[in-house]
Amino acid sequence: MSRYPEIDIENIKPVSIKTRKNKVNVEEFAGTCKVGASFRDFWYSLPNILAGEQLREFIGHVVEGHRKKKPLIWMMGAHVIKCGLSPIVVDLMARGIVSAVSLNGAGPIHDTELAYWGQTSENVAANLQDGTFGMSKETADKINGTIAAAADQKLGYGEALGKKIFEEKPPYWEL
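Taking this note's numbering, the leading residue of the sequence shown gets 2, the next gets one more, and so forth.
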């Protein structure tokens, strides 16, 4: 006999999967592309469900806005940068598709670390445990030195950091 009490299933209301409203259906799954397929073929092979559907909708809005010559301002978290997507963001800005980018506080940290040292994103759990999370000397010196100098020049945080990276052209500055 189990030491745990038995669950009361008296009020459970079973439903048929055939009549239940479902979010995912195999007809909407991704297709596969043949060797040598175009990007267009790949794009149309993506699933039209959940995140695949959201991606298609998002890209549709970007394309529509660009065609109408609307400004596109991306406000986003730092994952876009730390997951290696900054070359795409930079390219979209250079092409005039994205007008401006606004990031949360982690964005400038990842951007600085990647531009100067080509690496970022520490092990948060381990570094919180040993007290070293967010304690990179080089990152702190570079960002805090830039902010201190920016006050005298009447520059904002993002503008000052971008200017510093542009002027110094560290090894990975174009990312």
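Ideal Cβ placement from N, Cα and C applies to all residues, glycine included.
Anticipated Cβ contact below 8 angstroms, residue i with residue j, distance rounded
i      : j      : result
Ala79  : Leu104 : 6 angstroms
Ser100 : Pro72  : 4 angstroms
Pro171 : Ala116 : 5 angstroms
Lys24  : Ile50  : 7 angstroms
Ser46  : Gly32  : 4 angstroms
Pro48  : Glu65  : Between Glu65 and Pro48 the Cβ distance is about 22 angstroms, and since that is not below 8 angstroms, they are no contact.
Ala150 : Tyr158 : Wrong, their Cβ atoms sit about 12 angstroms apart, outside the cutoff.
Local Cβ density within 10 Å of residue i, reported as buried at 16 or more and exposed below that
i      : result
Ala161 : buried
Thr147 : buried
Gly108 : buried
Val36  : exposed
Thr140 : buried
Lys19  : exposed
Lys155 : exposed
Ile8   : exposed
Lys143 : buried
Val16  : exposed
Val102 : buried
Residue i - containing alpha helix (DSSP H), residue span
i      : result
Met76  : Run containing Met76: none in the alpha helix (DSSP H); it sits in the beta strand (DSSP E), 74-77.
Val90  : 87-95
Asn145 : 138-154
Gln130 : 125-131
Lys164 : 158-169
Trp118 : 107-118
Ala52  : 51-68
Trp44  : 40-46
Val81  : 80-83
Host beta strand (DSSP E) of residue i (start-end)
i      : result
Ala101 : 101-104
Residue i beta carbon near the ligand HEM (any heavy atom closer than 7 angstroms)
i     : result
Arg57 : The ligand HEM is not part of this structure, which contains no ligands at all.
**Request:** Count the C-beta pairs between the segment 80-90 and the segment 107-123 that are closer than 8 angstroms, then say yes if the count reaches three, no if not.
**Result:** The answer is yes - the segment 107-123 touches the segment 80-90, with three or more Cβ pairs under 8 angstroms.
**Prompt:** Within the chosen definition, does the segment 109-118 reach the segment 154-168 through at least 3 CB pairs nearer than 8 angstroms?
**Reply:** Between the segment 109-118 and the segment 154-168, the count of Cβ pairs shorter than 8 angstroms is three or higher; the stretches touch.
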